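Heads up, the thing below is written out as structure tokens.
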Amino acid sequence: MTADNTTLDASAPRLEVDALIDDPHTRIVVCCGSGGVGKTTTAAALGVRAAERGRRVVVLTIDPARRLAQSMGISELDNVPRQVKGVDESAGGELHAMMLDMKRTFDEIVEGHADADRARAILENPFYQSLSAGFAGTQEYMAMEKLGQLRANDEWDLIVVDTPPSRSALDFLDAPKRLGSFLDGKFIRVLMAPAKVGGRAGMKFLNVGMSMMTGTLSKLMGGQLLRDVQTFVAAMDTMFGGFRTRADATYRLLQAPGTAFLVVAAPERDALREAAYFVERLAAEQMPLAGLVLNRVHGSGASQLSAERALAAAEALTDQRAEDTHADAGTDAGDDVDPPSARAENNLETGGIVDLGGGKAGSRTASGPSPAAAEHVTPTSASAAQLAAGLLRLHAERMQVLARERRTRDRFTALHPEVPVTQVAALPGDVHDLAGLRAIGDRLALNLRDTDDTDTDD
724 MTADNTTLDA
734 SAPRLEVDAL
744 IDDPHTRIVV
754 CCGSGGVGKT
764 TTAAALGVRA
774 AERGRRVVVL
784 TIDPARRLAQ
794 SMGISELDNV
804 PRQVKGVDES
814 AGGELHAMML
824 DMKRTFDEIV
834 EGHADADRAR
844 AILENPFYQS
854 LSAGFAGTQE
864 YMAMEKLGQL
874 RANDEWDLIV
884 VDTPPSRSAL
894 DFLDAPKRLG
904 SFLDGKFIRV
914 LMAPAKVGGR
924 AGMKFLNVGM
934 SMMTGTLSKL
944 MGGQLLRDVQ
954 TFVAAMDTMF
964 GGFRTRADAT
974 YRLLQAPGTA
984 FLVVAAPERD
994 ALREAAYFVE
1004 RLAAEQMPLA
1014 GLVLNRVHGS
1024 GASQLSAERA
1034 LAAAEALTDQ
1044 RAEDTHADAG
1054 TDAGDDVDPP
1064 SARAENNLET
1074 GGIVDLGGGK
1084 AGSRTASGPS
1094 PAAAEHVTPT
1104 SASAAQLAAG
1114 LLRLHAERMQ
1124 VLARERRTRD
1134 RFTALHPEVP
1144 VTQVAALPGD
1154 VHDLAGLRAI
1164 GDRLALNLRD
1174 TDDTDTDD
């Protein structure tokens, strides 16, 4: 590997993206990583590519941003899968996309596991409304609930999941356990005890202990909130066991051989540090890791010209231009002023250049472009040297970026030599349509190791 080469070391295992999405045994692909590394775009590009290669795909995003809908040409994504138009379905595939509606998913669970009267009581309960809208871990839990629903439906043979940004992106591994433990925990059971015992006898039996506890809780939570919680718990009594059961089933689904995790990262130190954390966490949880997608990797069509050589050439051009300028200044200082006869021959007058055709003073030229325009069209050797030096310095900066990206990547592969990697060349602009997603898909499958020179930009 040369000093300026952006390709992967041949010893590093390669992530074969097409083989992954073509495999009929691959039923779920989960894209995870820190914020701002392109997880949403990667998930959407995988969905488009898999659909156009014959898979029936649904892309589920729990990222609150609307980039996925915009790039797929859908006016709005919601909790119902929407078919994406414009995808080539000649191979028999289809693409659907949806965005998790956390509260609606929770409502669906209630409606599906309670009779109409009990479901209405739960849905109208103030504590439930607060819990379903923003309780810690609810979003991740509902994402896993929705994943379980999609997988059980068996309508799609590939589900691509886009996870939330930030280091907590793997919280969905813990959320089902946390929320299930909360809803099935001792605190909830204590609150539910009066309703389960029931009647006056029950209330008398628990009156002393419960009055002391509820009095303390009323001070901490407020009396109305405590009553709302108790009403909610009583209504949810028959559903608590189901939360834990479904949480355990979803967790096993994530560990199943048909699931593949893709860690997405940018070629930057912080992003790859987070990627290493994800890799280690997935290994600890025995989750099947497919590999690392190294996104937005820069390249150069002139990688044989190193940063050092480019800077040296720029300095040489600058020095040469300075010497030429100094020599020209000495020559100009020794020149005599043109005699009158020379001025007449050159069509010069004291008032300016005279138009040979009309004899009008003040005209800049007899014919053709003005001197300023001519200078713009045909730059002097000095300006050409200045431009060349500037371009060489830009190239040197690009090669320094490439070298920095390569070092950060190599540190990751040295720490995790078992993780397959694919590099995705950066596009010239933002991805905002299906054509851009196809281009990303092509780069995911191509891998920078397939070519020695990659001409890309931000």
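Counting from 724, one number per residue, gives the positions in the sequence shown under our numbering.
Every residue gets a Cβ at the ideal spot worked out from N, C-alpha and C, and that includes glycine.
Please read these numbers as outputs of a predicted model, since none were measured by experiment.
Please identify the residue among the options whose C-alpha is closest to the C-alpha of residue i.
i	options	result
V807	A768, A1036, R1127	A768
R1132	D880, L1017, R779, V1147	L1017
V1144	L977, M1122, P990, I797	P990
G1113	D1156, E1141, D1153, A1035	A1035
D674	S853, Q1109, E1003	A query on residue 674 cannot be resolved here, the shown segment of the chain reaching from 724 to 1181 and no further.
D746	A773, A988, Q978	A773
V810	D840, E775, R1116	E775
G1164	V1124, K762, L823	K762
Q872	A972, Q852, R789	A972
S1026	I845, Q1123, A1162	Q1123
V1020	E1141, G796, R1127	R1127
L823	I785, L1040, V760, R1129	I785
G835	A1107, F966, A994, L1117	F966
G1022	L870, D838, R1121	R1121
T968	V884, Y851, M867, V883	M867
R987	R843, H748, T886, P804	The residue asked about is misnamed: residue 987 is Val in this sequence, not Arg. If we check each option's Cα against that of V987, T886 comes out closest.
E997	A1037, D897, F1135, L1115	F1135
P804	E1141, A1107, W879, L1160	W879
So what does DSSP say about residue i, is it helix, strand or coil?
i	result
T1263	In the structure as shown, the chain starts at 724 and stops at 1181, and residue 1263 therefore has no counterpart that could be examined.
I797	coil
H748	coil
V883	strand
V771	helix
V760	coil
L1167	helix
A1119	helix
C754	strand
D1042	helix
E863	helix
E1128	helix
D877	coil
E868	helix
Which stretch, first to last residue, makes up the beta strand (DSSP E) that contains residue i?
i	result
A1148	1144-1148
In the DSSP assignment, the alpha helix (DSSP H) including residue i goes from what residue to what residue?
i	result
V737	Just to set this straight, residue 737 is Arg in the shown sequence, not Val. Neither: R737 is in no alpha helix (DSSP H) and is coded neither H nor E.
D1156	Taken as a continuous stretch (DSSP letters only), D1156 belongs to no alpha helix (DSSP H), as it is neither H nor E.
Output yes if chain C places a C-beta closer than 8 Å to the C-beta of residue i; else output no.
i	result
V807	Here chain C cannot be found, since the structure has a single protein chain.
message: Does the stretch 773-783 come into contact with the stretch 811-825, if we say contact requires no fewer than three beta-carbon pairs (one atom in each stretch) closer than 8 Å?
response: Pairwise C-beta distances place the stretch 773-783 in contact with the stretch 811-825, as three or more of them are shorter than 8 Å.
Those runs of the beta strand (DSSP E) which lie wholly inside the stretch 978-1031 and span at least 3 residues: 982-988, 1012-1020
query: Enumerated in chain order, which unbroken segments of the alpha helix (DSSP H) with a length of 4 residues or greater are wholly contained in the stretch 774-858?
result: Within the stretch 774-858, the complete alpha helix (DSSP H) segments at least 4 residues long are 790-794, 825-836, 839-846, 849-857, listed from N- to C-terminus.
- request: Say whether the stretch 1134-1148 touches the stretch 748-755, bearing in mind that this needs 3 or more beta-carbon pairs closer than 8 Å, one atom from each stretch.
  value: no
- prompt: Would you call the stretch 1003-1010 and the stretch 1018-1031 touching, i.e. three or more CB-CB distances under 8 Å?
  reply: Short answer: they don't touch.
- prompt: So, do the stretch 969-983 and the stretch 1008-1024 have three or more beta carbon pairs nearer to each other than 8 Å?
  reply: yes
task: Could you tell me whether the stretch 826-833 touches the stretch 736-745, where touching means 3 or more Cβ pairs closer than 8 Å?
output: In the pairwise beta carbon analysis, the stretch 826-833 is classified as not touching the stretch 736-745: fewer than three pairs are separated by under 8 Å.
message: Would the stretch 1151-1160 count as touching the stretch 792-804 if we require 3 or more Cβ pairs under 8 Å?
response: With a cut-off of 8 Å on Cβ pairs, the stretch 1151-1160 is in contact with the stretch 792-804, counting three or more such pairs.
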